[in-house]
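Asker:
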Amino acid sequence: MSAEQIYEDLRARIGHYTPDAELWLKAQLAAEINQLKRERNAVILGHNYMEPALFHTVPDITGDSLYLSREAAATDKDIIVFCGVRFMAETAKILNPGKTVLIPALPAGCSLAASITAADVRRLKAQFPGVPVVTYINTYADVKAESDICCTSGNAKAVVESLGSETVIFLPDEYLAANVAQETGKHIIFPTHNGAAQYDTTLDYQIVGWNGRCEVHEKFTVEDIIAIRQDHPDVLILAHPECSPEVVAASDYSGSTTGLIRAVETTDAPEYLLLTECSMGDNIAAANPQKNMLRLCSVRCPHMNQIQLQDTRDALRYTQYVVTVPEEIRRRAYQAVERMLHIG
Ligand code: 13P
Ligand code: SF4
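Under our numbering, the first residue of the sequence shown is numbered 48, with each subsequent residue one higher.
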């Protein structure tokens, strides 16, 4: 598509709230990126949280963490540009050691991935010998390397159940673990305090959790939901499972970012409210103009928001920033990711 065509497309999607000059600038950048992508035999994977102008123009594939991991495993391109956060780009590298994987901005971290280290996992394994370790994909490669299997928000329950184990260690998201415990009927325990990670093992438990949280999803409260339902009784409330179990219980549906997108596409409800990152709300609103999206507040992921069109253009232009994973860690992390990908 030419810059003019991209501009027209963007204008139709987000023109009602984006100044014309900005649309044109972004359309030109997107056209340049798409040209560079062809020249460099690259594929761009874009997470659902990418800002609207980027999301709708340059990724070859968009989706949630699970889908993008599968697509990363299947690509035949020489270069993978990951428009998402670092743990996602690392997962692509774990699956594709021979390819160049680029992340357009280095500070694109994640509060969950930062909440746990490989040494923490080793201590837990020593404390609960023989108990299988499930780590959320929102972790770094060295943490994945210490685990038996990974999971995403889209398959956490299936992964836990696939192990056929009475007890599992589930890291590091406190809320996702509690939501999975609820879904699987398991009792959960958490460390009495972070750091020393002491557990009261006299309690009845089948899931051993950790105190990591998503700095975005922990912001949503049950009070928000009650207030919205009072004013909008027919609203459909959709929560990502990184929200607290209380928030999930008070919502109508909980699922991965792609699950939330599908739920908006298929609902007959006149209004919906998303309890997740707001850039995705913008993308969903652009794709479903006939449905009314309510806005609670503007909760943005500061990490996902690091990735902009200009950085993506520079990633392809200057081959930056190259994602590396030491081979010894990659090999072990690969087993955990690969085992997850085999679960339907
Ligand atoms: P999904 O796997 O549902 O896309 O979520 C990733 C994420 O980081 C949500 O905060
Ligand atoms: Fe991490 Fe939360 Fe941002 Fe997702 S939204 S990348 S879990 S900080």
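Quick reminder that beta carbons are idealized off the backbone N, C-alpha and C, glycines included.
Would the region 250 to 266 and the region 227 to 240 be scored as touching if the rule is three or more Cβ pairs under 8 Å?
Answerer: Proximity of the region 250 to 266 to the region 227 to 240 meets the contact definition, three or more beta-carbon pairs being nearer than 8 Å.
Asker: Between the region 265 to 277 and the region 301 to 309, can you find at least three pairs of beta-carbon atoms closer than 8 Å?
Answerer: Cβ pair count under 8 Å is below three, so no.
Asker: Identify the residues that DSSP records as bridge partners of phenylalanine 217: which are they?
Answerer: As a working mapping, residue 217 is identified with position 170 in the sequence shown. Answer is Val181, bridged to phenylalanine 217.
Asker: According to the Cβ coordinates, are leucine 113 and histidine 94 closer than 8 Å?
Answerer: One-based indexing of the sequence shown puts residue 113 at position 66. One-based indexing of the sequence shown puts residue 94 at position 47. No, these two residues do not count as a Cβ contact at 8 Å.
Asker: Are the Cβ atoms of histidine 350 and alanine 119 separated by less than 8 Å?
Answerer: Mapped onto the sequence shown, residue 350 falls at position 303. Mapped onto the sequence shown, residue 119 falls at position 72. In this structure, alanine 119 does not lie closer than 8 Å to histidine 350 by Cβ.
Asker: My output table needs one value for glutamate 137: the three-state DSSP class, helix, strand or coil.
Answerer: In the sequence shown, the residue the question calls residue 137 occupies position 90. Reduced to three states, the DSSP call for glutamate 137 is helix.
Asker: Please go through the same chain and pick out, in chain order, the residues whose beta-carbon is closer than 7 Å to the beta-carbon of threonine 109, but skip the five residues on each side of it.
Answerer: Taking the first residue of the sequence shown as position 1, residue 109 is located at position 62. Answer for threonine 109: Gly93, Asn95 and Phe102, listed in chain order.
Asker: Can you tell me whether leucine 321 sits near ligand 1, meaning its C-beta is under 7 Å from at least one heavy atom of the ligand?
Answerer: The residue given as residue 321 occupies position 274 in the sequence shown. No, the beta carbon of leucine 321 sits no closer than 7 Å to any heavy atom of ligand 1.
Asker: Look up phenylalanine 102 in the DSSP assignment and say whether it is helix, strand or coil.
Answerer: Here residue 102 refers to the residue found at position 55 of the sequence shown. Three-state DSSP puts phenylalanine 102 in a helix.
Asker: Apart from the five residues just before and just after threonine 147, which ones in its own chain have a Cβ nearer than 8 Å to its Cβ?
Answerer: Taking the first residue of the sequence shown as position 1, residue 147 is located at position 100. Apart from the 5 residues on each side of it in sequence, threonine 147 sits with its Cβ closer than 8 Å to the Cβ of Asp125, Ile126, Ile127, Thr366 and Val369 in its chain, given in chain order.
Asker: I believe leucine 159 touches glycine 62 by the beta-carbon criterion, under 8 Å. Please report the beta-carbon distance rounded to the nearest angstrom.
Answerer: Here residue 159 is taken as the residue at index 112 of the sequence shown, counted from 1. Here residue 62 is taken as the residue at index 15 of the sequence shown, counted from 1. Not confirmed; about 35 Å, so no contact.
Asker: Would you report the Cα separation of arginine 58 and threonine 268, rounded to the nearest angstrom?
Answerer: Counting from one through the sequence shown, the residue named residue 58 turns up at place 11. Counting from one through the sequence shown, the residue named residue 268 turns up at place 221. A straight line joining the alpha-carbon of arginine 58 with that of threonine 268 spans about 35 Å.
Asker: In chain order, what are the residue ranges of uninterrupted alpha helix (DSSP H) at least 4 long that sit wholly in the region 248 to 280?
Answerer: 269 to 278
Asker: Would you call the region 377 to 391 and the region 160 to 175 touching, i.e. three or more CB-CB distances under 8 Å?
Answerer: no
Asker: In this structure, does DSSP put threonine 109 in helix, strand or coil?
Answerer: One-based indexing of the sequence shown puts residue 109 at position 62. Of the three classes helix, strand and coil, the one that applies to threonine 109 here is strand, per DSSP.
Asker: Taking buried to mean at least 16 other C-beta atoms within 10 Å of its own C-beta, is asparagine 88 buried or exposed?
Answerer: The count along the sequence shown starts at 1 and reaches residue 88 at position 41. When all chains shown are included, asparagine 88 counts as exposed.
Asker: For tyrosine 368, which three-state DSSP category applies?
Answerer: Locating residue 368 in the sequence shown gives position 321, where the first residue counts as 1. Of the three classes helix, strand and coil, the one that applies to tyrosine 368 here is coil, per DSSP.
Asker: In chain order, what residues have a CB nearer than 5 Å to some heavy atom of ligand 1?
Answerer: Asp111, Ser112, Thr199, Ser200, Ser303 and Thr304
Asker: Can you give me the start and stop residues for the alpha helix (DSSP H) that asparagine 330 sits inside?
Answerer: Looking up residue 330 in the sequence shown gives position 283. Note, asparagine 330: alpha helix (DSSP H), 325 to 334.
Asker: Would you call the CB atoms of leucine 223 and alanine 362 closer than 8 Å?
Answerer: Position 176 of the sequence shown, counted from the start, is the residue given in the question as residue 223. Position 315 of the sequence shown, counted from the start, is the residue given in the question as residue 362. The answer is no: Cβ separation not under 8 Å.
Asker: For asparagine 81 and proline 99, I'd like the C-alpha separation in whole angstroms.
Answerer: Within the sequence shown, residue 81 is the residue found at index 34, counting from 1. Within the sequence shown, residue 99 is the residue found at index 52, counting from 1. If you draw a straight line from the Cα of asparagine 81 to the Cα of proline 99, it is about 16 Å long.
Asker: Kindly indicate the opening and closing residues of the alpha helix (DSSP H) around glutamate 79.
Answerer: One-based indexing of the sequence shown puts residue 79 at position 32. Membership of glutamate 79 in the alpha helix (DSSP H) is indicated by the continuous run 67 to 86.
Asker: Near alanine 139, which residues of its chain fall below 6 Å by C-beta distance, leaving aside the five closest residues on each side in sequence?
Answerer: Here residue 139 refers to the residue found at position 92 of the sequence shown. Only Ala119, Ile127, Phe129 and Val148 meet the Cβ criterion.
Asker: Taking Cβ positions, are threonine 359 and valine 181 nearer each other than 8 Å?
Answerer: In the sequence shown, the residue the question calls residue 359 occupies position 312. In the sequence shown, the residue the question calls residue 181 occupies position 134. Not a contact, by the Cβ cut-off of 8 Å.
Asker: Do isoleucine 184 and proline 219 have their C-beta atoms within less than 8 Å of each other?
Answerer: Counting from one through the sequence shown, the residue named residue 184 turns up at place 137. Counting from one through the sequence shown, the residue named residue 219 turns up at place 172. Taking the C-beta atoms as reference points, proline 219 is found no nearer than 8 Å to isoleucine 184.
Asker: Just the Cα atoms here: how many angstroms apart are histidine 264 and aspartate 329?
Answerer: Looking up residue 264 in the sequence shown gives position 217. Looking up residue 329 in the sequence shown gives position 282. Rounded to the nearest angstrom, the two C-alpha atoms are 17 Å apart.
Asker: Can you tell me the Cα-Cα spacing of alanine 383 and lysine 338, whole angstroms?
Answerer: The residue labelled residue 383 in the question sits at position 336 within the sequence shown. The residue labelled residue 338 in the question sits at position 291 within the sequence shown. Taking the straight line joining both Cα atoms gives about 40 Å.
Asker: List the whole-angstrom C-beta distance separating valine 393 from valine 206, where the pair is believed to meet the contact cut-off of C-beta under 8 Å.
Answerer: Because the chain is modelled from 48 through 391, residue 393 falls outside the range shown and cannot be assessed.
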